[in-house]
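Note sheet for the following structure.
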Amino acid sequence: MPFLPSLDRSLDVLLGTRARRVAAGVVLAVLVVGIAVVRGTYALIGTPPAAITHALLNGVAVLAAALTYALLDLAFARRPAEPLRALWTPFLLVTGLVLLSEGMRATIGPGSVNALTGMATGPRTVALATAFAAADALVGAALLLSLRPLVLARRTRRTLALWRWLLGAMAVGATADLALRPFDSPTVVQSALVAPFFLLAIVLAFRLAWIAPLTFRHKLGTCALCIGLIVALALALQQRSSGAAAALIVGGGVFEESELAVVTLFSRPLYDLVMMAFAFGLIYAVTALLSLLFHLPTTEAYARRSGEIRAFRALAELSGQVLDRDRLVSTVAEAPVAAGIAETAWLALADPRSGSLRPAVVAAKGLAPADAERLVDVPALAGAVASQGTPLLLPHAAADHRVRARPGDGLGSLLVLPLQAGGHEHGALFATRRHAQGFEEDDVGALATFAGQAALALQSASLFAQALEQERLARELALAREVQQRLLPQHLPTVPGIELAVAEESSQEVGGDYYDVVALPDGRLGVLVADVSGKGTAAAFYMAELKGIFQALAALAPSPGDFLARANEALRPSLGRRAFISAVYGVLDPKRGTFTFARAGHCPVVMARADGQCWLLRADGLGLGLASGPLFRHALAEQEVALAPGDVFALYTDGLVERRSAAGEEFGYERLAEVVCAHRERPAPELLAHLLAAQRGFAEGAEAAARDDLSVVVLRWTGPAAPSASTDGAAPYVIRPAFADEPLPVS
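According to this note's numbering, the sequence shown is numbered sequentially starting from 7.
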């Protein structure tokens with residue numbers, strides 16, 4: 007019926023504002039009063055209205071009934087499908103109408119109706135008939151609108167169309183009787199036009215989707231209301247079919263009494279509309295009562311299934327918000343109880359962070375976690391279901407040796423379900439009932455499905471927590487990396503005759519490599535390159551400590567050997583048993599034209615001269631932290647180089663030479679020396695860039711995980727030659743003990 011939605015929209019437009027509704031109410035009152043005045047006028051003059059006038063008055067009455075329904079629809083439009091409320095309103099209204107009808111029966115007596123004309127004999131009777139008709143129309147419309155939310159519960163397009171067809175059938179049935187007078191009987195055709203209404207009423211009476219979700223208590227209350235409504239509607243129909251007023255039948259001079267429904271004096275079609283509304287209410291109430299009685303035994307089962315659905319929904323909603331693991335485990339433990347399947351339940355999970363894989367109770371419902379641990383051997387039962395991968399049902403729990411419950415503890419049957427997801431065991435879900443054999447097969451199936459979903463949710467929560475922790479650590483490491491970068495020189499000092507270039511790369515966010523360049527008194531330049539054993543944050547802490555020592559001692563130490571000895575004494579108490587630091591520290595003196603350095607177990611210094619000669623300078627020395635006092639100082643040597651123009655020095659950590667190729671071959675010292683020698687004539691920054699490019703090209707295709715921390719300092723001397731510089735190709739350096747006057751300690 008495509009015109010019905012258009013009609014609904016038209017009514018919304020016509021009655022959409024308060025002013026329009028007031029205007030419609032005024033029109034309704036005018037129509038009702040107008041009909042009453044016309045009926046009363048004809049009653050006074052004792053002449054029946056013409057057929058066309060009678061039909062017109064009936065048509066106006068039907069229009070007034072439709073307007074009444076439309077106005078009441080606005081009040082009932084937003085009413086939810088609440089059975090008790092939907093049935094309580096018509097029950098009160100119909101009951102009141104029945105009592106009103108009984109009162110009117112006593113006020114209208116013989117002589118109220120002219121049997122020959124079918125008209126009221128006086129204005130008083132017309133007024134009473136009008137009031138009664140208005141009450142009937144209001145109650146009939148309210149009855150339909152009260153039942154509509156129930157009929158349309160979980161509505162479909164088809165149900166909505168049937169409801170509109172029902173209203174249309176009522177309108178057709180009433181319109182067919184426009185010409186009927188109070189005493190007239192309907193023709194066969196007129197009766198046939200009412201048949202579709204009863205067919206549609208029976209079809210819609212089976213729209214009872216609202217019954218199943220009701221609780222047992224609500225079903226009992228609704229049954230009582232249905233019975234009361236049935237009785238009230240039956241009485242109302244009986245009153246209107248037998249009559250509420252006495253009429254005098256004149257025939258052959260013999261007066262006989264007969265009964266006539268009062269509403270018919272106002273409008274016979276309106277009477278038919280009210281009778282059809284009451285008939286539909288009676289049919290629907292009877293059908294609802296029978297359905298309620300049928301569903302009473304299944305209420306508990308439906309409540310359990312509804313609880314399962316709610317539990318699954320709560321778990322699904324919480325699974326999408328895995329920010330709070332405590333809420334998740336609490337929801338999982340509460341679900342079997344909330345679903346009505348179990349009376350108590352608890353969740354046991356292993357916590358690898360604690361260093362133990364033994365499952366422990368983390369949440370419980372219906373009892374305390376400590377009581378759950380006391381009642382059963384949680385690790386044994388959780389281990390049993392984990393090994394089997396299937397639920398474990400103990401219908402007589404007390405007979406199992408893993409159950410320690412006493413008779414008064416209320417543990418008759420026990421169900422244990424494994425929590426497995428992604429090939430990992432997360433723990434077990436326990437559910438209990440007080441009596442033995444308390445779990446049915448479908449209960450086990452439902453909880454097994456729930457346990458599978460819970461395991462996935464717990465796994466997601468665990469992965470999410472791990473991701474958050476990794477993100478937190480990444481942020482902290484990034485901050486640590488930023489701080490560590492600030493420990494390295496932000497600006498290199500400028501010394502005439504010296505070119506400097508530095509580079510640093512960490513294999514992880516933070517590393518243990520350290521370099522520093524500092525301007526010393528008398529125009530000298532101190533250069534330190536160090537490598538803390540190991541990687542990561544521990545090495546970074548030692549590196550930071552070395553930074554402070556270097557800044558404090560570099561200007562005070564008279565020689566490189568003295569600096570390393572003092573640094574060793576300062577660092578040794580704080581270094582771990584297996585931790586040490588290799589370092590090389592050199593001092594370049596532009597005035598003397600020398601570069602003097604000492605090595606504490608560090609990589610050789612690469613030196614290249616302008617004439618193409620190249621050396622690996624290996625002054626002796628132990629790593630910082632490996633020895634103390636005289637033993638460390640005795641092993642330490644200093645190496646002094648007399649500088650010539652174009653001399654290049656490379657100080658570096660082992661990450662430069664130990665980087666391996668895809669074939670597993672190290673870059674090595676020889677390749678390093680070759681690259682430095684090949685590019686010795688280039689400025690220090692360009693030489694360093696070629697060196698790093700050569701190392702990266704060599705290691706191309708190798709695993710990035712094999713990288714080590716890397717630091718490089720390149721110095722290039724562009725000043726004049728030292729007076730002692732060799733020009734005959736001899737080695738340009740001398741090696742001497744850093745502490746020649748100290749004797750070797752005797753063990």
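Beta carbons: idealized from backbone N, C-alpha and C, even for Gly. Just so you know, these numbers come straight off a predicted model, no measurement behind them.
Contact between the region 203-219 and the region 55-73 (3+ Cβ pairs under 8 Å): no
From Leu485, Thr74, Ala238, Ala25, residue whose alpha carbon lies closest to that of proline 96: Ala238
Start and end residues, alpha helix (DSSP H) containing alanine 656: Run containing alanine 656: none in the alpha helix (DSSP H); it sits in the beta strand (DSSP E), 654-658.
Contact set for alanine 616: own chain, Cβ-Cβ below 6 Å, skip 5 residues either direction: Gly652
Local Cβ density within 10 Å of alanine 25, reported as buried at 16 or more and exposed below that: exposed
Length of the line joining the Cα atoms of arginine 677 and leucine 506: 21 Å
Valine 260 - DSSP class collapsed to helix/strand/coil: For valine 260, the predicted model reports a pLDDT of 35, less than 50, meaning its position is unreliable and no value from the coordinates is stated.
Three or more C-beta pairs below 8 Å linking the region 369-379 and the region 471-485: no
Helix, strand or coil at leucine 254 [DSSP, three-state]: Low confidence applies to leucine 254: its pLDDT is 40, below 50, so where it sits in the model is not reliable, and the reading given next is rough at best. If DSSP states are grouped into helix, strand and coil, leucine 254 belongs with the strands.
For phenylalanine 232, the nearest candidate out of Glu349, Thr193, Gln245, Leu295 (CA to CA): The displayed chain sequence assigns cysteine, not phenylalanine, to residue 232. That would be Leu295, whose Cα lies nearest to the Cα of cysteine 232.
Buried or exposed (CB count within 10 angstroms, at least 16 for buried), arginine 246: buried
Whether leucine 594 touches leucine 721 by CB criterion (8 Å): yes
Under the three-state DSSP convention, the category glycine 542 falls into: helix
DSSP three-state assignment for valine 132, whether helix, strand or coil: helix
Span of the beta strand (DSSP E), counted from its first residue to its last, around proline 743: 739-743
Cβ neighbours of leucine 577 in the same chain (closer than 8 Å, five flanking residues each side left out): Tyr548, Glu551, Leu552, Ile555, Ile587, Leu630, Gly631
Distance CB(valine 585)-CB(serine 539) smaller than 8 Å: As written in the sequence, residue 585 is alanine, which differs from the valine given in the question. Yes, these two residues count as a Cβ contact at 8 Å.
Nearest to serine 717 (by Cα), restricted to the options Val533, Ile236, Arg364: Val533
Range of the contiguous beta strand (DSSP E) that encloses glycine 592: 587-595
Cβ distance (whole Å) where cysteine 620 is taken to contact valine 682 below 8 Å: 7 Å
Test item: CB-CB of glycine 179 and methionine 282 under 8 Å: yes
Cβ-Cβ separation, leucine 210 to valine 145 (assumed contact under 8 Å), whole Å: Contact doesn't hold; Cβ gap of about 19 Å is too wide.
Arginine 187: first and last residue of the uninterrupted beta strand (DSSP E) it sits in: No beta strand (DSSP E) holds arginine 187; DSSP gives it neither H nor E.
8 Å Cβ cutoff met for arginine 439 and glutamate 349: yes
Residue from Arg380, Ala378, Arg408 with nearest C-alpha to valine 391: Arg408
Unbroken beta strand (DSSP E) run spanning cysteine 620, endpoints: 620-623
Rounded C-alpha distance that separates threonine 228 from leucine 90: 6 Å
Distance, histidine 432 Cα to alanine 356 Cα: 6 Å
Reduced DSSP secondary structure (H/G/I, E/B, other) of phenylalanine 212: coil
Which of helix, strand or coil DSSP assigns to valine 504: Per the sequence shown, the amino acid found at residue 504 is isoleucine instead of valine. Strand.
Between the CA atoms of alanine 434 and leucine 398 - distance to the nearest angstrom: 10 Å
Limits of the beta strand (DSSP E) - the one that histidine 432 falls within: 430-439
C-alpha gap between arginine 380 and histidine 441, whole angstroms: 19 Å
Proximity winner among Ala148, Ala72, Ala133, relative to leucine 98 (alpha-carbon distances): Ala148
Proline 424 - partner residues in DSSP beta bridges: Ala434
Buried or exposed (CB count within 10 angstroms, at least 16 for buried), arginine 45: buried
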